[in-house]
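Chains as they are written, first to last, in numbering that gives the first Met the number 0: chain A, 0 to 415; chain B, 0 to 415; chain C, 0 to 415; chain D, 0 to 415.
Protein chains: 4
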Amino acid sequence: MEYHDSETAQEVAARVESFMDEQVIPREREALRTGEPVSEAEIAEFWEMAKERNLFAPQMPEEYGGQGLDFQDMLPSFEQVGRSLLGALSIRANAPHEGNMHTLELVGTEAQKEEWLRPLVQGEISSAFSMTEPMGGGGSDPKMLQTTAQKDGDEWVINGHKWWTSDGADADFLLVMARTDLDAHPYEGTSIILVPTDTDGVNVVRNVGHLGGHGITERTGGHAEVKYENVRVPVENTVGEEGAGFRVAQMRLGGGRLTHCMRYSGMAERSLEIAKAYISEREGFGSTLSEKQALRHRIADAETRLHAARATSRHAARELDRSDARIEVAMAKNFTANVTNEIIDLAIQCCGANGIGKDLPLAHFYENVRPFRIVDGADEVHRRSIARWAFDDVDETEIENVLRFDEKRRVDALDE
Amino acid sequence: MEYHDSETAQEVAARVESFMDEQVIPREREALRTGEPVSEAEIAEFWEMAKERNLFAPQMPEEYGGQGLDFQDMLPSFEQVGRSLLGALSIRANAPHEGNMHTLELVGTEAQKEEWLRPLVQGEISSAFSMTEPMGGGGSDPKMLQTTAQKDGDEWVINGHKWWTSDGADADFLLVMARTDLDAHPYEGTSIILVPTDTDGVNVVRNVGHLGGHGITERTGGHAEVKYENVRVPVENTVGEEGAGFRVAQMRLGGGRLTHCMRYSGMAERSLEIAKAYISEREGFGSTLSEKQALRHRIADAETRLHAARATSRHAARELDRSDARIEVAMAKNFTANVTNEIIDLAIQCCGANGIGKDLPLAHFYENVRPFRIVDGADEVHRRSIARWAFDDVDETEIENVLRFDEKRRVDALDE
Amino acid sequence: MEYHDSETAQEVAARVESFMDEQVIPREREALRTGEPVSEAEIAEFWEMAKERNLFAPQMPEEYGGQGLDFQDMLPSFEQVGRSLLGALSIRANAPHEGNMHTLELVGTEAQKEEWLRPLVQGEISSAFSMTEPMGGGGSDPKMLQTTAQKDGDEWVINGHKWWTSDGADADFLLVMARTDLDAHPYEGTSIILVPTDTDGVNVVRNVGHLGGHGITERTGGHAEVKYENVRVPVENTVGEEGAGFRVAQMRLGGGRLTHCMRYSGMAERSLEIAKAYISEREGFGSTLSEKQALRHRIADAETRLHAARATSRHAARELDRSDARIEVAMAKNFTANVTNEIIDLAIQCCGANGIGKDLPLAHFYENVRPFRIVDGADEVHRRSIARWAFDDVDETEIENVLRFDEKRRVDALDE
Amino acid sequence: MEYHDSETAQEVAARVESFMDEQVIPREREALRTGEPVSEAEIAEFWEMAKERNLFAPQMPEEYGGQGLDFQDMLPSFEQVGRSLLGALSIRANAPHEGNMHTLELVGTEAQKEEWLRPLVQGEISSAFSMTEPMGGGGSDPKMLQTTAQKDGDEWVINGHKWWTSDGADADFLLVMARTDLDAHPYEGTSIILVPTDTDGVNVVRNVGHLGGHGITERTGGHAEVKYENVRVPVENTVGEEGAGFRVAQMRLGGGRLTHCMRYSGMAERSLEIAKAYISEREGFGSTLSEKQALRHRIADAETRLHAARATSRHAARELDRSDARIEVAMAKNFTANVTNEIIDLAIQCCGANGIGKDLPLAHFYENVRPFRIVDGADEVHRRSIARWAFDDVDETEIENVLRFDEKRRVDALDE
């Protein structure tokens with residue numbers, strides 16, 4: 000399908016596609032077949048190859064070692080990396096680091112960029128975003144955030160309890176959302192603070208057990224539960240303006256939602272590739288399954304909906320490069336999250352027992368894609384925003400029309 | 000929602016929107032409220048106004064009195080006319096005439112254009128496309144077409160039986176699909192022939208009763224059953240090349256599918272406008288329905304899916320302006336047909352008894368939109384094309400992967 | 000499918016099935032084919048035949064000329080009548096009369112039964128239930144009812160404005176819901192009053208235009224808008240206890256919801272019969288459509304869901320014969336309404352152009368079944384009741400579990 | 000919800016419910032919270048308790064230590080055990096053993112019952128059913144089975160390659176499906192043979208990695224890939240008649256499908272209990288989530304569909320106790336598999352991050368329930384059977400009707 004992406008975008012994506020097909024997917028298949036996980040050393044090798052091929056970290060400026068692409072232009076490359084369980088990782092475009100890089104690059108000080116962003120892009124260090132709290136803090140309702148940071152001289156003193164801090168157990172530093180002005184509305188009184196993980200009082204309690212999470216790499220990440228107990232860091236560690244935490248997080252999350260859409264669209268694409276290959280070979284009752292209509296037509300529908308998702312994400316990326324594009328991104332995210340969940344589910348159904356087995360990557364995909372309808376704003380949260388936008392705009396003439404003809408009758412009835 | 004349509008497209012669409020809001024929708028509301036149908040004279044008045052406002056027949060070249068817009072540029076105007084039961088009619092952009100104009104303009108001879116196209120655009124005469132036959136002829140499988148035209152000197156002698164010839168009972172001429180070379184494959188041996196309705200042997204049997212069909216205009220069109228019995232017309236009445244009937248029909252239908260998408264998207268948009276207005280006023284259990292989540296969130300989802308449909312149609316229009324865009328159009332058509340059906344259904348549900356009553360236009364919309372999943376290629380027919388495209392492209396490496404690991408096992412087992 | 004209905008139930012249903020197949024459906028087909036509507040005289044003939052065959056008015060006691068069946072036992076007969084557009088009418092089991100008979104039989108005085116019920120069962124007179132008001136009165140929220148009846152001596156003086164009074168324009172009497180004690184909660188202060196249509200001040204304004212409504216009988220019923228202006232009837236015309244209007248209406252509606260389920264299940268069954276017959280004959284691309292999987296498998300799913308609906312309705316009927324069975328009926332109604340809408344939609348899709356044409360009964364079915372998701376309590380209203388029931392019953396241990404593990408963390412975090 | 004189960008059924012189910020609530024669910028919660036898996040010794044303790052409470056192995060005759068219940072009567076007990084990850088295991092009603100017991104009890108010889116069934120029921124030994132082969136053998140198309148057993152004197156010599164042999168790695172014996180007469184149709188030439196796992200030539204290659212599979216018990220089972228290489232067992236090890244393998248398997252699978260329905264319905268029920276508890280406590284934007292409509296109404300729909308599933312399973316169990324009930328069971332299985340998948344998905348969505356985390360059992364449920372749409376006959380396989388049944392029964396009169404009115408037209412047209 001031709002999407003009229005820019006020439007640059009198409010060129011980088013073509014390089015990424017070759018890299019996936021020649022290097023990354025073959026290694027993924029081997030890991031699945033043998034059970035041999037991919038080592039840290041192998042990932043470092045992928046990074047070297049990615050640099051040589053000029054496709055490392057497409058989302059980062061060239062000065063930090065990336066390809067300097069905006070959202071529109073990184074989109075087809077990110078779709079490509081989504082095709083493999085190792086894809087995003089292999090070119091350093093994987094969550095949560097990609098979003099953290101984006102944040103530091105956007106609002107970090109020069110010192111922060113030198114100390115943390117540069118090595119982060121290079122994969123020398125690792126990062127985490129520590130926002131979510133038990134029972135809803137750090138979620139869609141900002142008033143529920145409970146972690147605090149109080150100024151004591153030139154230091155922040157942070158206290159709080161987070162979980163679902165992705166990669167938190169492995170991270171060298173954490174970006175922590177905390178209330179920094181309890182008198183202000185949280186939209187004005189919350190800040191993001193960079194906390195080195197080895198600071199006193201940072202206590203990684205455990206990795207929260209979760210759906211899936213048994214990847215094919217040695218280091219699997221995990222979502223950490225972290226306690227912050229009188230954690231002291233310099234005030235200079237504030238990332239972005241003091242008090243602007245939610246606005247910065249929104250910037251991070253807007254982009255993050257959309258890069259998720261890109262990667263998961265690629266995952267759905269690959270799932271269809273596998274399903275089509277499988278049912279083209281698998282026989283039953285005298286012909287291949289692909290020659291019968293039932294699965295074939297459902298795949299046609301899946302292709303149609305995936306196409307709609309990709310068109311919608313492109314529209315959102317175009318907007319996001321020039322505005323905050325909240326509604327466009329919310330729509331793309333909800334639509335893509337549901338479509339990719341359905342498609343991966345269909346691919347599993349096409350492959351039968353092989354779909355739920357882990358010799359193919361589909362079961363991993365299935366475990367990975369379910370959270371996409373919850374993280375970065377659950378479907379319900381985005382529906383709420385979209386509804387607010389939709390009802391902002393109720394047509395006065397239609398209201399008059401509805402009222403006039405019904406109210407009039409009511410009044411008539413009462414008059415008499 | 001901003002779609003980056005061209006400036007011309009936006010300007011014409013803005014004029015169309017004003018025309019709808021100021022003239023057309025008010026008349027529609029009056030017709031619904033009073034039961035007083037819109038007369039032929041009133042429609043002629045609308046055409047005059049549309050010409051004055053420079054928005055008449057956007058799809059036609061300026062030399063024929065239109066606005067000269069290609070698919071991409073007519074799209075937002077066609078969305079606007081879809082908002083009213085009278086919209087397309089009021090600017091002469093309504094099916095089937097719009098598609099018939101398109102066909103004559105594309106492949107008609109100069110003589111045909113002068114005699115038939117020019118007055119057709121102006122609304123001085125009326126047209127019909129006579130393709131479908133009982134039990135599947137003229138449908139998705141070209142081999143089932145049974146109507147024939149045999150050459151006798153410089154005349155065609157046409158025999159056949161058609162139905163679902165839209166507006167056939169009112170038409171001044173019919174475009175008839177007939178086998179003209181029985182030895183050739185139908186793709187090569189079928190032609191379109193222009194038949195004036197008053198020719199001997201043309202017998203309009205009846206209008207086929209159908210879902211809905213009780214519009215708000217005096218002349219309601221209807222889908223005619225027509226018999227052709229030794230109907231003689233000059234060979235010059237062939238429209239397009241002899242034998243190229245299916246190719247011409249595809250051109251007509253490709254565009255027709257997409258202009259349907261545009262108009263029905265507008266219909267869905269208006270349905271949401273009405274539903275939002277209604278539930279913003281309608282109370283139950285202590286607050287308006289719009290303040291409760293159930294319908295509100297479903298409207299958010301409807302807006303999301305409609306947005307995806309509109310983005311997908313724009314993509315298809317862009318392609319259709321430079322190629323036949325079969326898959327792009329098939330996907331846009333299937334997706335939009337289903338989404339608009341669902342949305343209009345939801346709008347009815349929002350309005351309760353008022354949704355199924357005909358004081359609002361929703362019940363009419365509901366009757367109109369259901370056929371969209373059947374006409375111009377049923378969902379199943381397009382799924383068939385999309386599947387063929389999808390399976391053309393099965394990934395060899397994935398096939399090897401699937402085969403290798405499964406076949407190997409099978410072979411191992413048999414070896415022993 | 001064997002449902003273990005009682006012997007009586009099966010015997011009557013077998014007689015009804017023969018009557019449908021031998022007399023009623025053939026006449027329906029003729030009406031559809033010729034456009035010749037069924038006359039009042041023909042309907043009276045059907046009633047005579049139904050009496051001779053011992054299947055007239057299954058829902059009424061034998062002393063009034065019916066078959067004396069309770070909900071469980073009338074169920075399979077009502078499924079049978081649902082198979083034809085004329086079915087319920089032909090044996091006097093059609094809404095709204097069937098529900099009105101039920102109401103009078105249940106709570107009417109002996110005098111009311113003699114004067115109104117006996118001739119109503121026999122079809123000598125006609126009835127209507129006048130409850131719904133513009134903008135929500137008489138709907139799910141009882142507080143919104145605005146029609147009043149004030150006692151003046153031994154007369155009620157009724158004022159109000161109703162619409163969607165089914166068959167109101169043809170009725171000999173109306174059952175009117177009115178507030179009779181404005182100081183009481185509407186559940187305690189509303190009564191049902193029998194009003195002969197020829198009483199002074201009863202003003203049938205119009206029949207509300209609505210979806211479908213173009214049946215195949217001479218007299219099509221319609222939903223009337225009715226004004227009541229100082230309408231005086233004797234206090235003896237109260238139907239059921241004074242003040243008990245909502246409780247009586249609930250009884251009427253509980254049964255009415257379920258008899259709707261029965262009839263619409265039969266309609267869905269017939270739709271599948273037609274769709275299967277059609278695609279078994281209709282060819283495309285070298286074989287019949289029934290030999291291809293796409294529609295065939297969707298029909299299998301439709302059969303499955305219809306079976307689930309019929310099992311659920313039987314469960315509800317069993318309960319309704321011994322209690323008010325609110326939740327059981329609400330579930331059966333919502334489930335069946337959605338399933339039958341989907342199935343009739345599918346049957347139309349199977350038949351293509353013939354599905355939306357009115358030579359087959361499917362388009363009529365489609366128009367008839369849509370309101371089923373709105374009338375007698377919209378889906379949303381029943382969801383509300385079901386949710387209340389579901390959340391009445393939240394498991395204390397699970398709450399403690401959820402709280403314990405999350406709250407504990409929260410408290411821990413705050414302690415430190 | 001009252002289902003009119005028999006008194007015996009209700010009494011046993013009440014005992015099972017108490018056992019779950021008092022013993023099993025608390026241990027499950029502890030395992031989830033602490034990560035401490037349940038040991039073999041603890042399971043043995045559960046069995047002792049189950050025996051004391053008279054609820055051990057409800058599906059087995061009393062002489063083998065069970066409760067002697069038929070399908071109808073075991074149903075509500077099996078629903079109860081489905082509520083916990085440990086439920087079926089704790090009373091020895093878990094797949095695949097429960098089905099294997101059923102098979103041996105139904106068709107085993109007295110010697111087989113003494114040697115294998117009695118200790119199997121008691122949990123002294125473990126069993127597996129070895130049917131599925133790579134690329135479709137042993138699946139829905141019997142012709143694809145490739146494993147063979149040839150008679151050599153009074154021994155079978157078995158060769159073949161199986162996978163997805165559940166619990167195969169732990170089993171003391173395997174029930175192996177093999178072609179025993181290559182000249183016969185597989186329905187007549189296939190047998191089930193009992194193979195002790197320690198027989199020479201039985202080679203458990205590995206456990207196939209699969210979706211989920213990380214349970215909360217020490218011994219997690221797994222689905223084994225097993226090679227049979229010249230495996231010799233006495234001919235007396237044939238289970239059931241020689242050549243009757245597929246018929247016996249159908250008996251096993253018919254019951255197995257339905258006991259799966261029961262257990263998964265219970266799992267869905269528990270999921271709703273947890274979701275309701277969670278959203279009754281979880282706050283957002285000023286009230287609990289349960290006070291807002293969006294999730295609340297979706298839970299109402301989930302309750303409705305689960306109710307329909309449970310009614311349908313009861314209908315199928317009633318039939319299965321007196322016939323093979325293929326269609327009834329196929330419908331119950333497909334319907335329940337889809338409904339329970341949707342409900343568990345919804346419960347996860349309700350609980351947000353806690354839904355995908357493994358402190359609650361929902362993520363485990365999600366992993367467990369997905370295979371239910373594939374194992375014991377994928378949805379597509381059952382749709383195929385249901386369609387065959389549905390199209391066996393095409394209404395001749397409807398065919399004539401469809402043909403008559405369409406063919407006639409066609410003939411008319413050709414005549415002229």
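We treat Cβ as the ideally placed atom computed from N, Cα and C, and that holds for glycine.
Contact list for the segment 74-85 of chain A against chain B, Cβ threshold 9 Å: none
F371/D burial status per 10 Å Cβ neighbour count (16 or more: buried): Position 372 of the fourth sequence, counted from the first residue, corresponds to residue 371/D. The residue is buried, with at least 16 neighbouring Cβ atoms inside 10 Å.
Cutoff 8 Å: K407/A Cβ touching any chain B Cβ: Here residue 407/A is taken as the residue at index 408 of the first sequence, counted from 1. Caution is warranted here: a pLDDT of 45 is assigned to K407/A, below 50, making its placement in the model unreliable, and no coordinate value can be reported.
Contact list for E397/C against chain D, beta-carbon separation under 7 Å: Numbered from its first residue, the third sequence carries residue 397/C at position 398. The contacting residues are E272, I273, A276.
Which of helix, strand or coil DSSP assigns to S165/B: Start at 1 with the first residue of the second sequence, and residue 165/B comes out as number 166. In this structure, S165/B counts as strand in the three-state DSSP scheme.
Boundaries (first-last residue) of the alpha helix (DSSP H) holding F79/B: By 1-based counting over the second sequence, the position of residue 79/B is 80. Phe is not the amino acid found at residue 79/B; the sequence shown has Gln there. Residues 70-80.
For V393/B and A276/A, believed in contact at Cβ under 8 Å, the rounded distance: As a working note, residue 276/A is residue 277 in the first sequence. As a working note, residue 393/B is residue 394 in the second sequence. About 6 Å separates the two Cβ atoms, so the contact holds.
Cβ of D394/B within 8 Å of any chain A Cβ: Residue 394/B sits at position 395 when you count from the first residue of the second sequence. At least one chain A Cβ lies under 8 Å of D394/B.
Exposed unless 16 or more other CB atoms sit within 10 angstroms - verdict on E29/A: Working through the first sequence from its first residue, we reach residue 29/A at position 30. It is exposed - the Cβ of E29/A has fewer than 16 other Cβ atoms within 10 Å.
Cβ of H180/A within 8 Å of any chain D Cβ: For the purposes of this step, residue 180/A is taken as the residue at position 181 of the first sequence. Per the sequence shown, the amino acid found at residue 180/A is Asp instead of His. Closer than 8 Å: no.
Positions along the segment 283-306 of chain A whose CB lies within less than 7 Å of some CB in chain C: K291, Q292, A293, H296
Members of the segment 360-380 of chain C near chain B, C-beta cut-off 8 Å: Cβ contacts with chain B come from A362, Y365, E366, R369, P370, R372, I373, V374, A377, D378, E379.
Segment contact flag, the segment 246-257 of chain D with the segment 355-365 of chain C, C-beta cutoff 8 Å, min 3 pairs: no
The segment 69-89 of chain D contacting the segment 201-221 of chain D, beta-carbon criterion three pairs below 8 Å: yes
Beta-carbon separation (whole angstroms), H222/C vs V203/C, contact threshold 8 Å: Your numbering for residue 222/C matches position 223 in the third sequence. Your numbering for residue 203/C matches position 204 in the third sequence. Not a contact, Cβ separation roughly 11 Å.
Three or more C-beta pairs below 8 Å linking the segment 297-313 of chain B and the segment 340-358 of chain B: yes
As assigned by DSSP and simplified to three states, the class of N99/B: By one-based count along the second sequence, residue 99/B stands at place 100. DSSP places N99/B in helix when its eight states are reduced to three.
Contact belief for A148/A with S190/A at Cβ below 8 Å, rounded distance in angstroms: Taking the first residue of the first sequence as 1, we reach residue 148/A at position 149. Taking the first residue of the first sequence as 1, we reach residue 190/A at position 191. A148/A to S190/A, Cβ: 7 Å. Contact.
Min CB distance R52/D to chain C below 8 Å: Taking the first residue of the fourth sequence as position 1, residue 52/D is located at position 53. Cβ-Cβ to chain C under 8 Å: no for R52/D.
6 Å CB neighbourhood of N400/B in its chain, flanking five on each side removed: Here residue 400/B refers to the residue found at position 401 when the second sequence is read from its first residue. Only residues of its own chain outside the window of five on either side were considered, and among them none has a CB closer than 6 Å to the CB of N400/B.
Three-state class that DSSP yields for V410/C in the structure shown: Your numbering for residue 410/C matches position 411 in the third sequence. Its pLDDT being 36, under 50, V410/C is placed unreliably in this model, and the value from its coordinates should be taken loosely. Helix at V410/C.
CA-to-CA distance, D199/C to M130/C, given in whole angstroms: Walking along the third sequence from the start, residue 130/C turns up at place 131. Walking along the third sequence from the start, residue 199/C turns up at place 200. So the alpha carbons of these two residues sit roughly 19 Å apart.
Neighbour flag for R281/B against chain C, beta carbons, 8 Å: If you number the second sequence from 1, residue 281/B lands on position 282. R281/B belongs to the set of residues whose beta carbon lies under 8 Å from a beta carbon in chain C.
N- and C-terminal bounds of the alpha helix (DSSP H) containing M176/A: Position 177 of the first sequence, counting from 1, holds the residue named residue 176/A. No alpha helix (DSSP H) holds M176/A; the beta strand (DSSP E) holding it covers 172-178.
Classification of R205/C by the beta-carbon crowding that lies within 10 angstroms, buried from 16 upward: For the purposes of this step, residue 205/C is taken as the residue at position 206 of the third sequence. Label assigned to R205/C: exposed.
Residue-level contact to chain A via CB, Q348/D, 8 Å cutoff: The residue labelled residue 348/D in the question sits at position 349 within the fourth sequence. Output row for Q348/D: interface = yes.
C-beta neighbour in chain D for A352/A, strict 8 Å: As a first step, residue 352/A must be located in the first sequence, where it is residue number 353. Taking Cβ atoms only, chain D reaches closer than 8 Å to A352/A, which makes this a yes.
Beta-bridge pairing of D151/C - partner residues as DSSP gives them: To locate residue 151/C, count along the third sequence from 1; it is residue 152. Answer is E154/C.
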